[in-house]
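Engineer: This is the structure I have questions about; it appears just below.
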Amino acid sequence: MLDVLKVIILGIVEGITEWLPVSSTGHLILAGDLLSPGLSDEFMEMFNVVIQLGAIMAVVVIYFHKLDPFSPRKTNKQKMLTWQMWIKVLIASVPAGIIGVLFNDILDELFYKPLPVAVMLIVYGVLFIIVENKNARKRPSVTKISELSVSMLLWIGFFQMLALIPGTSRSGATIVGALLIGVSREVAAEFTFFLAIPAMCGASLLKLIKFGFHFTGTEFGLLMLGCVVSFGLSIVAIKFLMNYIKKNDFKIFGYYRIVLGGIIVIVTLVKMIFA
């Protein structure tokens, strides 16, 4: 029963932090260390990734009409634009897809630790503040996904690739990359939601293959529970973010990341001292 409560808490953490540019991985590592669920390390490594499928379903539900190229409510031109959007998503997914398949295990072994996560939280927190200050008096040059060129897509894809390092935040990295090339906050956020669909599905598949699909009944139930909770909170987080950035910039998330990174460093050092 205690593990059920802990999984619910982790699902809440994932659902809220997956779409805000604050690193869901960083939060899950910190929450996992504090909660210490009575489950194997192998299962928790897989759980922290596959739970993202619940978050993905939230994007599909909220943006189903926009994502559906077969919708009878769309004109032929709108259907064509939807297909073009999916092609753009796939192009931007290429860099992370290649590196993820080739080096996923190596990156996890090197960086899936509290201190590297804390460093990336702080680095991208500083970047958010710098980029927003730089763009304060500039008007975005791209205000629609249809205006993204191939070079822009590859640039955004490069930043998504950098997010393979835990603590970077996939949404945070792609948003920073998009803002740097003049994409509006709304388009940057929305496009990163769509980019998450192939990225998270691919990452989850890799983790499931590595884990071997050898679930106990309890493990499978806990995984499904985490996904359901993550789905519900993701709906809230996505709607909050899209409303928030209509009137505000991303600097608050930068400050938050810096503080969180500092907390993780302190917690890690305390654990090392008293271990």
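First residue of the sequence shown: 156, per our numbering; consecutive thereafter.
Quick reminder that beta carbons are idealized off the backbone N, C-alpha and C, glycines included.
What does DSSP give as the partner residues of V297 in its beta bridges?
Structural biologist: V338
Engineer: P295 and V338: beta carbons closer than 9 Å?
Structural biologist: yes
Engineer: Alpha carbons only, please: which of L222, I206, A186 is nearest the one belonging to G387?
Structural biologist: I206
Engineer: DSSP on F386, reduced to helix/strand/coil?
Structural biologist: Secondary structure at F386: helix, using DSSP grouped into helix, strand and coil.
Engineer: Could you check which residue in N203, F314, L175 has the C-alpha nearest to that of I336?
Structural biologist: It is F314 whose Cα lies nearest to the Cα of I336.
Engineer: Mind the definition here: the region 347-367 touches the region 234-252 only if three or more C-beta pairs lie below 8 Å; say whether that holds.
Structural biologist: yes
Engineer: My understanding is that I419 touches P176, with C-beta atoms under 8 Å, so please give their C-beta distance in whole angstroms.
Structural biologist: The C-beta separation of I419 from P176 comes to about 17 Å, leaving the pair out of contact by the 8 Å criterion.
Engineer: Need the endpoints of the alpha helix (DSSP H) that S248 sits in, please.
Structural biologist: Looking at the DSSP string, the run of the alpha helix (DSSP H) that includes S248 is 231-266.
Engineer: Quick check: L262 and P321, are their CB atoms within less than 9 Å of each other?
Structural biologist: Cβ atoms of L262 and P321: closer than 9 Å.
Engineer: Pairing CB atoms from the region 200-215 with CB atoms from the region 353-369, are three or more of them under 8 Å?
Structural biologist: yes
Engineer: So does the region 388-395 actually touch the region 213-220, counting three or more Cβ pairs closer than 8 Å?
Structural biologist: yes
Engineer: Inspect the beta-carbon positions of F283 and K406 and report whether they are closer than 9 Å.
Structural biologist: yes
Engineer: Mapping DSSP to helix, strand and coil, what is L160?
Structural biologist: Assigned with DSSP and collapsed to three states, L160 falls in helix.
Engineer: Pick out whichever of K426, F408, V425, T423 has its Cα sitting closest to the Cα of V281.
Structural biologist: F408
Engineer: Between which two residues does the alpha helix (DSSP H) holding I206 run?
Structural biologist: Here I206 belongs to no alpha helix (DSSP H), and DSSP marks it neither H nor E.
Engineer: Do the CB positions of G170 and S389 come within less than 9 Å of each other?
Structural biologist: yes
Engineer: Straight-line CA distance for L424 to G417?
Structural biologist: 11 Å
Engineer: Of the choices A328, N398, D404, whose alpha-carbon is the least far from that of N288?
Structural biologist: D404
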